[in-house]
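Notes follow the structure.
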Amino acid sequence: MMKWMLLTLFIAAANLAQADENVRGHYRKDGKYVQSHKRSNPDDRRYNNYSSEGRKNPYTGKKGTQRNEMSKKPARNKKH
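Okay, so the sequence shown: first residue is 5 according to the working numbering, each after it adds one.
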């Protein structure tokens with residue numbers, strides 16, 4: 005029973021770590037309006053972003069074009 009509880013907890017934690025978040029519509033400083041949208045949770049990795057090479061945004065269907073850690077010329081985000 006304990007093994008099943010730990011497995012369930014592990015799976016739930018993994019799903020939360022990869023969850024998407026909603027971004028509310030807002031105005032930029034230059035006055036342009038940005039529509040509300042979904043994005044992957046921010047972190048210091050690029051390969052798990054929708055805009056990365058080899059990925060596809062499930063909401064828009066657009067293929068990613070940005071270099072990432074898995075690209076032939078790797079790119080990484082700066083740590084905060």
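All C-beta atoms, glycine included, are put in the ideal place defined by N, C-alpha and C.
Closest residue to residue i among the options (Cα-Cα distance)
i: Q70; options: V38, S56, K60, R49; result: S56
i: K42; options: G68, R59, T64, D34; result: T64
i: G58; options: M6, N72, D48; result: N72
i: V38; options: N52, R28, K67; result: R28
Residue i classed as buried or exposed, judged by whether at least 16 other C-beta atoms fall within 10 angstroms
i: N26; result: exposed
i: R50; result: buried
i: R32; result: exposed
i: L20; result: Caution applies to L20, whose pLDDT of 47 falls short of 50 and renders its modelled position unreliable; the value that the coordinates give is listed next. Classification of L20: exposed, given that the 10 Å Cβ count is below 16.
Helix, strand or coil at residue i according to DSSP, with G and I counted as helix
i: N45; result: coil
i: K7; result: helix
Proximity of residue i and residue j at Cβ, strictly below 7 Å
i: D24; j: S44; result: yes
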